[in-house]
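Residue numbers (my numbering): 2 to 104.
Note that CB positions come from ideal geometry on N, CA and C, so glycine has one too.
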Amino acid sequence: MQSRFLSLLYDFALESLHNHKRIRNAKVNAKITHLEQAKSTPAVDWLHIVLLMPCILLFIPFAAEYIVQGFALLAHLPQWYRWLIGLMVLANFGLKLAEKYRI
């Protein structure tokens with residue numbers, strides 16, 4: 002009777018371990034599927050619009066003057082701040098490329 006009980010306990014523990022592994026594998030597979038189906042976030046795409054907006058507005062006569070004045074004012078920003086903005090833009094585009102090509 003004792004060996005029967007130990008056998009049942011062993012079978013139960015073994016089955017629990019297999020079920021735990023199956024559940025863990027299913028969770029990992031679900032995360033992989035979710036990442037494969039995920040599209041790029043619009044938070045990165047707005048950067049294209051922001052960067053291209055001054056180029057487009059330069060062709061509108063009443064806005065061109067403000068764009069030129071704005072860029073003249075940007076020249077007065079500290080150099081470290083301009084580098085920081087450039088690095089931020091490069092990091093966003095780098096993350097987008099890394100996500101796209103799975104680097």
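Reduced DSSP secondary structure (H/G/I, E/B, other) of ALA76: coil
Cβ pair count under 8 Å reaching 3, the segment 45-57 against the segment 92-100: yes
Extent of the continuous alpha helix (DSSP H) to which LEU18 belongs: 3-38
Chain-order list of residues whose beta-carbon lies under 7 Å from that of ALA76 (same chain, five-residue window excluded): none
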